[in-house]
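Have a look at the structure below, then the notes.
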Amino acid sequence: MDISACEHLLTERGTQQTAGTMGTPSGPPRRRCIPWNRLLLAVSLLTFWTPPTTAQLTTETVPPLAAEGSDVLLLAHNVANNPLGYAWYRGERVDNSQLIVSCRVATNLTIKGPAHSGREALYPNGTLLIQNVTQKDTGSYMLLVTKDDLQTERQTGQIHVHPVLPTPVITSNNSKPWEHKDTVVLTCGPETQNTSYMWWISNQSLPKSTRLKLSEDKRTLTVFSVTRKEKGPYVCETRNLVSISRSDPFTLDVLYPVARPSLQVSNTTVPEHEGPVVLTCLTDETGVSIRWLFKGQSLLLADRMTLSSDNSTLTIDPVSREDAGDYQCEVSNRGNSSRSGPLRLRVTWRENAQALSVGAITGIVIGVLLVLTLLAVLGCFIFLHRGNWPPASTSGRGPSGSSVSQASLPDARPPAPIYQELLHPDTVVYCNISHKADAGP
Numbered sequence: 005m006d007i008s009a010c011e012h013l014l015t016e017r018g019t020q021q022t023a024g025t026m027g028t029p030s031g032p033p034r035r036r037c038i039p040w041n042r043l044l045l046a047v048s049l050l051t052f053w054t055p056p057t058t059a060q061l062t063t064e065t066v067p068p069l070a071a072e073g074s075d076v077l078l079l080a081h082n083v084a085n086n087p088l089g090y091a092w093y094r095g096e097r098v099d100n101s102q103l104i105v106s107c108r109v110a111t112n113l114t115i116k117g118p119a120h121s122g123r124e125a126l127y128p129n130g131t132l133l134i135q136n137v138t139q140k141d142t143g144s145y146m147l148l149v150t151k152d153d154l155q156t157e158r159q160t161g162q163i164h165v166h167p168v169l170p171t172p173v174i175t176s177n178n179s180k181p182w183e184h185k186d187t188v189v190l191t192c193g194p195e196t197q198n199t200s201y202m203w204w205i206s207n208q209s210l211p212k213s214t215r216l217k218l219s220e221d222k223r224t225l226t227v228f229s230v231t232r233k234e235k236g237p238y239v240c241e242t243r244n245l246v247s248i249s250r251s252d253p254f255t256l257d258v259l260y261p262v263a264r265p266s267l268q269v270s271n272t273t274v275p276e277h278e279g280p281v282v283l284t285c286l287t288d289e290t291g292v293s294i295r296w297l298f299k300g301q302s303l304l305l306a307d308r309m310t311l312s313s314d315n316s317t318l319t320i321d322p323v324s325r326e327d328a329g330d331y332q333c334e335v336s337n338r339g340n341s342s343r344s345g346p347l348r349l350r351v352t353w354r355e356n357a358q359a360l361s362v363g364a365i366t367g368i369v370i371g372v373l374l375v376l377t378l379l380a381v382l383g384c385f386i387f388l389h390r391g392n393w394p395p396a397s398t399s400g401r402g403p404s405g406s407s408v409s410q411a412s413l414p415d416a417r418p419p420a421p422i423y424q425e426l427l428h429p430d431t432v433v434y435c436n437i438s439h440k441a442d443a444g445p
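Numbering (my numbering), first residue to last: 5 to 445.
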């Protein structure tokens, strides 16, 4: 079948359809038999006449959601063969003031436009690279392709840049709340746009509790009548489309009254130089510090004393009589402190009757010296006053009544001092004898 026959066949069928719509024919329509080969030829010709469908220009953003500081590609797809040039514009229309960069393919000449920031690069296939993007780069970008027939194609792409979230920080309105008394407000900062917030306590999601309340944006957490169970640690998490960040753990310093501790001792009465004696401070509190007191003052540790690592146990070995007295322990937290009642340690020792104390020995020595001094003074007194004593016979006369002169005494020497007699007992000492007693009135 030739082309005119196909046109005649189509025209005839169209006339019959038109007549059918105008009215009912007077007789039944005639059926014509059309050979299959003619019908196939007509379909083939109609198919040949259909013009081919060409692929349209498209752009693709990689990655579709960009983090601030990263690089972004605007890929060009289905670019016409042998294009004359490319041009990228900021926005959705051709505006020379918004030209970023253009390129002539034949000469590979690249021209930077007013909107070029120094971070853009154009590839030979029409792809645009933007390096180190910022949030200001968010928006529309248009690609203009000039084909070899001087016709143009244009397509628009989008860039979405989101900030990389900084590490959040938890702040509290009360750094030292009292248990069952104060309300604490925790805030996750800094505040950023298009950011969601999430809270964790002790590495678990927040439990359902009437004393825990989140703000509408979940950035603030309120803890009513805080207890030690809600001390934490708390962690807040921030999220946006390109990043996730978590804060450092934050623990509440919940203050509470400290219960009074008690003391326990292994033995309240200990002989001196024996031991050990172990004193233990008993308390149900946790997270408290312990210190020891002796006679109401802070205990000064001697070489014989040792403390456990948590200061709850005091060991004395051996025991000395200086250790006798009242002991106490004190537990404290950052809010307050409490002391135990006093516990008295008694130290016994044996007195030695045969042993003399230093004071007794000193007294004896002093007494002996006093006695010796008195004896020496008495001896001197006797020697010095011997000449004044009355003679045993008539003065100046011998046994026969004759006068005896001092010169007639054998080996007469001058009188010697009394200290020579004391120093030399064998020295012969003579004293002058007064003869006035022999003289008559």
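Cβ atoms here follow ideal geometry from the backbone N, Cα and C, with glycine treated the same way.
- Message: Using 8 angstroms as the cut-off, can you tell me whether the segment 267-277 makes contact with the segment 328-347, which would need three or more C-beta pairs spanning the two stretches below that distance?
- Response: yes
- Query: Cβ atoms of residue 96 and residue 79: under 8 angstroms apart, would you say?
  - Reply: no
- Query: Is it buried or exposed for residue 159, if we count other Cβ within 10 angstroms and need 16 for buried?
  - Reply: buried
- Task: Could you please give me the residues that DSSP links to residue 127 through a beta bridge?
- Result: Paired residues: none, contrary to the question.
- Message: Whole angstroms are fine: how far does the CA of residue 148 sit from the CA of residue 91?
- Response: 5 angstroms
- Task: Provide the residue span of the beta strand (DSSP E) that contains residue 341, from first to last.
- Result: 341-343
- Task: Compare the Cα-Cα distances from residue 73 to each of 168, 62, 245 and 381 and report the closest residue.
- Result: 168
- Item | Among 291, 235 and 333, nearest to residue 283 - alpha-carbon criterion | 333
- Query: So which of 326, 229 and 134 has the shortest CA-CA distance to residue 350?
  - Reply: 326
- Grab the span of the beta strand (DSSP E) containing residue 249 for me, first residue to last. 248-250
- Message: Per the DSSP calculation, residue 208 is bridged to which residue(s)?
- Response: 205
- For residue 233, does the three-state DSSP call read helix, strand or coil? helix
- Message: According to DSSP, simplified to helix, strand and coil, what is residue 291?
- Response: coil
- For residue 239, which residues does DSSP report across the bridge? 204
- Rounded to a whole number of angstroms, what is the C-alpha to C-alpha distance between residue 174 and residue 214? 22 angstroms
- Counting only runs of 3+ residues fully inside the segment 61-132, write out the beta strand (DSSP E) ranges in chain order. 62-66, 69-71, 76-81, 89-94, 103-108, 113-116 and 124-126
- Task: For residue 223, count neighbouring Cβ atoms within 10 angstroms of its own Cβ and tell me buried if that reaches 16, exposed if not.
- Result: buried
- Query: Roughly how many angstroms lie between the CA atoms of residue 129 and residue 111, to the nearest whole one?
  - Reply: 14 angstroms
- Task: With a 10 Å radius around its C-beta and 16 neighbouring C-beta atoms as the bar for buried, classify residue 232 as buried or exposed.
- Result: exposed
- Item | Nearest to residue 331 (by Cα), restricted to the options 193, 82 and 272 | 272
- Per DSSP, cross-strand counterpart(s) of residue 275: 352
- Query: Apart from the five residues on each side of it in sequence, which residues of its chain come closer than 6 angstroms, Cβ to Cβ, to residue 317?
  - Reply: 284
- residue 289 and residue 263 look like a contact to me (Cβ under 8 angstroms); what is the Cβ gap, rounded to whole Å? 6 angstroms
- Item | Cα-Cα separation between residue 113 and residue 199, rounded to whole angstroms | 44 angstroms
- Would you report the Cα separation of residue 369 and residue 388, rounded to the nearest angstrom? 29 angstroms
- Output the distance between the C-alpha atoms of residue 6 and residue 102, rounded to the nearest integer angstrom. Below a pLDDT of 50, predicted positions are generally treated as unreliable, and residue 6, at 39, falls in that range; the measurement from the model is reported next regardless. The alpha-carbon atoms of residue 6 and residue 102 are separated by roughly 57 angstroms.
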